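What follows is one structure encoded as structure tokens, with my remarks underneath.
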Amino acid sequence: MFRISILMIGFTLGKFLPPHNGHIHLIREGARQVDRMYVLMCSIEREPIPGYLRHHWMKKIFADDPNIQVIHVTDENPQEPIDHPDFWRIWAGTFERNLPEKPNIFFSSETYGFDLERELGIKHILIDLQRNTIPVSARYIRQEPFKHWEYIPAEVRPYYVKKIVLTGPESVGKSVLTEQLARHFQTEWLPEYGRTYYEEKMPHFEYMGISHIAGGHLMLEEQALSKANKILFLDTDLILTQIWSEIYFNQCPDWIIEVNHQPRQRAALYLLLKPDLPWIDDGTRSYGHIREEQFQTIRRELEKRRMKYVIIEGDFENRLAQAITAVERQILPEIRNS
602 MFRISILMIG
612 FTLGKFLPPH
622 NGHIHLIREG
632 ARQVDRMYVL
642 MCSIEREPIP
652 GYLRHHWMKK
662 IFADDPNIQV
672 IHVTDENPQE
682 PIDHPDFWRI
692 WAGTFERNLP
702 EKPNIFFSSE
712 TYGFDLEREL
722 GIKHILIDLQ
732 RNTIPVSARY
742 IRQEPFKHWE
752 YIPAEVRPYY
762 VKKIVLTGPE
772 SVGKSVLTEQ
782 LARHFQTEWL
792 PEYGRTYYEE
802 KMPHFEYMGI
812 SHIAGGHLML
822 EEQALSKANK
832 ILFLDTDLIL
842 TQIWSEIYFN
852 QCPDWIIEVN
862 HQPRQRAALY
872 LLLKPDLPWI
882 DDGTRSYGHI
892 REEQFQTIRR
902 ELEKRRMKYV
912 IIEGDFENRL
922 AQAITAVERQ
932 ILPEIRNS
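All you need for the numbering used here is the position in the sequence shown, starting with 1, plus 601.
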């Protein structure tokens, strides 16, 4: 006689705003107790971190566990029972539409799980209500991310890393200073990808190369952000790529301009290096005679975009001292006081 096997199907839900190690603990503990675990990642339009981004993070976090499936739910549902008299009926419809199969266990770290158990007839298992295992909440992280850095998954940390961009015209010491600052603050830095690309292509550099430079920079920036220790120093960014494109070709690819106006592209601080060092012809430079004009163009662009910037000038030793002071005054207080 065959024994009838009943699969245990579990699910949980949340905003994961942002995902943190407490969420991961809840989901993995639940997944250990069931045959399949579904995670409803719920978002509505007005939330501060876009839902598509949180869904992306969650999928990366659990990519190595085939037993866990993350599903993005975008229903604009009421958020509390007091918000709508049919609160539970509305959410029951959401569960029915989005869950691939009927669950029999609901996991949460909140007491509302017992209300769901009563209203929908699904067993509720409570995990770490007092947050003894992982003493953090998403609200605490949103308010003070650096204070709770240890509880933020590696996949999420790049969102909070402070980007500091060194910019300026040719031959002002950006590359040297970027590396020095990263070493001083014990973090990562990103060399100027455009320079590497230009050296490979010259003297046949063409307009389409601007998109290659911008795309390569974004890819390398994403990699560097994942390794950064709360701060990332960048030698140049897409704003300067746009300016150089307009200098070389009197135009810039539309997608670069669009990306430059996205909030996530904004750096926390720009260090604008003044062209008061001797111009050195290294074989790739062509604009020593208009460095002051380039400096003013970059400055106007930063001001037009309301970017926070500090002008760095003088010899190499003074530049390093000024840059360190600027970072300590403009960026570190937010990190230390968080």
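Think of the CB as a built atom: it goes at the ideal place given N, C-alpha and C, for glycine as much as any other residue. The structure presented is a predicted model; accordingly, all values stated were derived computationally and were not measured.
Between LEU873 and ILE899, the C-beta gap is smaller than 8 Å, which places the two residues in contact. Considering only THR837, ARG743, SER846, the residue with the shortest C-alpha distance to ARG758 is ARG743.
One Cα belongs to GLU914, the other to PHE786, and the distance between them is close to 20 Å. Distances from the alpha-carbon of LEU730 to those of ALA869, TRP880, LEU627 put LEU627 closest. ILE672 is not a Cβ neighbour of LEU717, given a cutoff of 8 Å. With contacts defined as CB atoms closer than 8 Å, TYR849 and GLY817 fail to qualify as a contacting pair. ILE645 sits close to GLU677, with the two beta carbons spaced by under 8 Å. Bounds of the beta strand (DSSP E) holding HIS725 are 724–727. Rounded to whole angstroms, ILE840 and ASN861 show a C-alpha spacing of 6 Å.
Counting along the chain, the unbroken beta strand (DSSP E) around VAL911 starts and ends at 910–913. Counting the other Cβ atoms within 10 Å of the Cβ of ALA739 gives 16 or more, which makes it buried. VAL671 is bridged by DSSP to VAL640.
If the five residues before and after GLU630 are omitted, its C-beta is found closer than 6 Å to the C-beta atoms of ILE728, all from its own chain and listed in chain order. DSSP, read as helix, strand or coil, puts TRP790 in strand. Classified as exposed, TRP856 has fewer than 16 neighbouring CB atoms from the shown chains inside 10 Å of its CB. Within the region 642–702, the beta strand (DSSP E) runs of at least 3 residues that lie entirely inside it are, in chain order, 669–674.
Boundaries around SER776 are those of the alpha helix (DSSP H), 775–785, since no beta strand (DSSP E) includes it. Looking at the backbone, the Cα of PHE612 and that of SER709 are separated by about 9 Å. For ASP916, the three-state secondary structure derived from DSSP is coil. Of the residues MET820, LEU835, SER812, LEU870, the one whose Cα lies closest to the Cα of CYS853 is SER812.
As the crow flies, the alpha-carbon of ASN699 is around 29 Å from that of ARG732. TRP689 and LEU654 do not touch by the CB rule: their CB atoms are close to 29 Å apart, not below 8 Å.
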